[in-house]
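Chemist: Once you know that position 170 of the sequence shown is 482 in my numbering, the rest is easy, because the numbers rise by one and skip nothing.
No residue lacks a Cβ here, since even glycine has one placed at the ideal position from N, Cα and C.
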Amino acid sequence: MGLKYIRNLSEQDRRALAEFYRVLDERRSHVSRELLRTARSIPAFESRVDHDQLEQELVANSELERAALYEGRWDPYLSELGARGKRFAQLGIELRDWVALLAAYRHVILGVVLPDPDPQTVRLLEGVDRFLDITMATVGSAYVEAKESAVRTAEHRLGLYIDLFQNASLGMAIYECDDATDVASYRLMAVNPSAAKVAGASILEGVGKTIAERNPEVLGTDVPQYLTETLANQTPRHWEVALGPPSDRRCYECRSVPLGPLHLGLLFEDTTERHRAELEVERYTKELERSNKDLDEFAYVASHDLKSPLRDIQNLAMWIAEDVGDSLPADSARHLRQLQDRVSRMERLLEDLLLYSRAGRISEATESFALRDAIDAATALVSVPSGFELAIEGPSPLLRTARAPLEQVLRNLLGNAVKHHDRDSGRISVCVEEREGWIEVGIVDDGPGIPEQFHERVFRMFQTLRPRDQVEGSGMGLAIVKKVVESHGGQVGLESDERGTKVRFTWPKAEEHP
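Structure follows, in C-alpha cells:
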C-alpha cells in the first residue's frame, strides 16, 4: 500500500481498520486455519512454502498487525510484508497466488458479519470475491511485469552506456558539485580508461578530489566559465585549452555536457600533435606561397626579359638576310634559317613555360555553359586543314565550371591531333561520355600511333617523339593538359596502337569556385 497512502488515511478509515483488527483478533485461530487451508489448496504454496514456517510467521505477525491496524504504527508491519513478498518472489510465487491467499481474511470476516446468509447472498458475495480476485491479480501481474520489463530495459541501456563510457576513444570524466557556481568544488566522480591514456595515469588518482585539489591551474583559465555556463544553461559547451609548463605544454579539445543540475560530463581529446601538424602545414604553406611567388617572378622574367633579346636576335637575323640577299652561300643561308627557327622555338618554349607555371594555380570563375559550346570555341581557334574531317560525338551536358581552362585543354589536344598527323587528310573525333558528376572527353585521331613504352613519357615536360626540327612545338603541350586537368580533380589517359591515338580526360560537371 505504501506509507504515503497510509499517511493520507481519513479518521473514518482508521476506525474501520481498528474495527477490522478487533474482529480479526477475536477470530485469530480461525483466520490462521483458513490461511493454511487456502495455502494448501494453491499449488505454488503447497510445493514451495514450508507450512510449519508459514504458521509460525502468522503467529509472530499478529503483534505487527496490532501495531499497524490498531495503533497506527505501520513501518514494522510494512517492512515485514516487503520481506515476505521478496521471499515469495524468490520462490517463484506469482502475484495472483498471493491475492488468493489473502482472500482467506474475507471468508472469516464475512462469517462474522453474515453468520447465516441465504444461498443467494453467499453466491453473490463469492461472485464479488472472485471478480475482485481476478481483476486484482490480472492488473497487478500486468503492472509488475511491465515494471520488471522497464527495469530490464533500463538495465540493458545502462549497460550499453557503461560499455560506451568504458570503451570510448575520447577521454571522459564525470563531475559532481554542491554549488554549480563554484568550480573549485567540482569533484571528479569517474573517468574512463581513455582518459588515463589522454591525460596520463595520474588522473585516476584524482577521482574523489576537487578541481582545486587536483588542477588548481585550471581556475586561472576560461574553463570555469564554460563549466558553470554548462550547468546554468543546461547546454553543452566546446572549447580548447593548453595546460602544463611551456616546455611540455599539451593542447586539449574539450566538450562539457550537462547531466543534471549538479552533475556534468567532460569529453576531452589531446590535440597537441594535431596542432603541431597544423603549424607544420602552415609553415609549408608559407614556403609554398613563397615558392609560387618566386615561380611567378621567374615566369615574368622568362616572358618579358628573356623574350626581348630573342626578338633582337630575330631582328638581326632578318636584317642580315635582307642585307646579303642572294649573295649568301647556301650553307650560310641554311644556318641563318636554322638560327631563326631556333629563336622562334625558344620564344614558344618560353611562352609554354609561362603557361605551364600558371596552369592550375589561377582560380577561374565558374560559369554555366553547354559542353558543345566550349568544343566549338576550341575548334574555331585550331587550324584544321581542309582535308581533315572533324566529328563531335555524344551528349552536350550543361556544365557549371571554369570554362577557360577546359577550352585550353581542348585546344591543346585538338592541335596535337592535327600537328602530329602524318598525312594531308584524316579524321579527328571528339567523343563525349557522361558519368555521375563527371564528363569524359576523348580526342581520337587516325594518325601515327604512339608505342606503349612512350605513353607515360609524352606527359612529361619537353618531351617529343620526333626530332624538334621535324615538329613544331616545345614538347610541353600534354604536360600542360595533364596539369590543368588534375588541378580540377580529373584524370588524363592515353590509348594507342600502331595506328591512331585517343587522349581522354575527365572533368567535373560542377565546381565550387569564386
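(1) If contact is defined by three or more beta carbon pairs under 8 Å, each pair taking one atom from either stretch, is the segment 482-495 in contact with the segment 567-580?
(2) Strictly by DSSP, which residues pair up with Met484?
(3) Just the C-alpha distance for Asp635 and His800, rounded to the nearest angstrom, thanks.
(4) Using DSSP's beta-bridge definition, name the partner residues of Glu807.
(5) Considering only residues of the segment 369-422, which uninterrupted alpha helix (DSSP H) runs meet the minimum length of 4 residues and lie entirely inside it, listed in chain order?
(6) Could you tell me the distance, in whole angstroms, from the CA atom of Asp688 to the CA atom of Ser620?
(7) With a threshold of 16 other CB atoms inside 10 Å of the CB of Asn728, please say whether the residue is buried or exposed.
(8) Where Arg649 and Thr813 are concerned, what is the direct C-alpha to C-alpha distance, given to the nearest angstrom?
(9) How should Ala416 be labelled, buried or exposed, when 16 other C-beta atoms within 10 angstroms of its C-beta is the threshold for buried?
(10) So, is Val593 buried or exposed, given that buried needs 16 or more other C-beta atoms within 10 angstroms?
(11) Just the C-alpha distance for Leu651 and Ala629, rounded to the nearest angstrom, thanks.
(12) Provide the residue span of the alpha helix (DSSP H) that contains Ile792, from first to last.
(13) Quick one: what's got a C-beta closer than 6 Å to Thr583's C-beta in the same chain, skipping five residues either side?
(14) Which residue marks the beginning of the alpha helix (DSSP H) containing Pro505, and which one marks its end?
(15) Which stretch, first to last residue, makes up the beta strand (DSSP E) that contains Asp757?
(16) Which of the three DSSP states, helix, strand or coil, is assigned to Tyr333?
(17) Under a Cβ-count criterion, where at least 16 other Cβ atoms within 10 Å of its own Cβ denotes burial, should Asn320 be classed as buried or exposed?
(18) With 16 other CB atoms within 10 Å as the buried threshold, where does Glu467 fall?
(19) Based on the DSSP output, what are the partners of Tyr473 in its beta bridges?
(20) Rounded to a whole number of angstroms, what is the C-alpha to C-alpha distance between Ile704 and Val742?
(21) Let me make sure I understand the geometry here. Which of Val753, Arg735 and Ser374 has the alpha-carbon closest to that of Pro760?
(22) In whole angstroms, what is the alpha-carbon distance linking Arg595 and Ser603?
(23) Tell me which residues share the same chain as Thr542 and place their Cβ nearer than 8 Å to its Cβ, disregarding the 5 neighbours each side in the sequence.
(24) Inspect the beta-carbon positions of Thr350 and Ala401 and report whether they are closer than 8 Å.
(25) What is the C-beta distance between Pro717 and Lys821, in whole angstroms, given that I count them as a contact (C-beta under 8 Å)?
(26) Give the DSSP bridge partners of Pro570, in chain order.
(27) Less than 8 Å between the beta carbons of Ser481 and Thr522, yes or no?
(28) Determine the direct distance from the alpha carbon of Lys509 to that of Leu531, and round the result to whole angstroms.
(29) Please list, in chain order, all residues of the same chain as Ser808 whose beta carbon is under 6 Å from its beta carbon, the five residues on each side excluded.
(30) Can you check whether the CB of Leu366 is closer than 8 Å to the CB of Leu348?
(31) Could you tell me which residues DSSP puts in a beta bridge with Tyr564?
(32) In terms of DSSP beta bridges, what is Phe610 paired with?
(33) So the candidates are Asp494, Arg747, Asp653 and Arg684; which of them puts its Cα closest to the Cα of Pro536?
(34) Apart from the five residues just before and just after Glu701, which ones in its own chain have a Cβ nearer than 6 Å to its Cβ?
(35) Is the CB-CB distance between Phe357 and Asp409 below 8 Å?
(36) Does Val696 come out as helix, strand or coil in the three-state DSSP assignment?
Modeler: Straight from the coordinates:
(1) yes
(2) Leu579
(3) 52 Å
(4) Lys814
(5) 387-402
(6) 35 Å
(7) buried
(8) 33 Å
(9) buried
(10) exposed
(11) 8 Å
(12) Gly789 to Ser799
(13) Cys563 and Glu565
(14) Pro505 to Ala511
(15) Trp750 to Pro760
(16) helix
(17) exposed
(18) exposed
(19) Looking at the DSSP assignment, Tyr473 forms no beta bridge with any residue, so it has no partner.
(20) 5 Å
(21) Arg735
(22) 12 Å
(23) Pro548, Arg549, Ser568, Val569, Pro570 and Leu576
(24) no
(25) Not really, about 15 Å apart at Cβ, beyond 8 Å.
(26) Leu576
(27) no
(28) 23 Å
(29) Gly761 and Ile762
(30) yes
(31) Val553 and Asp582
(32) According to DSSP, which records beta bridges pairwise, Phe610 is partnered with nothing at all.
(33) Asp494
(34) Arg739
(35) yes
(36) coil
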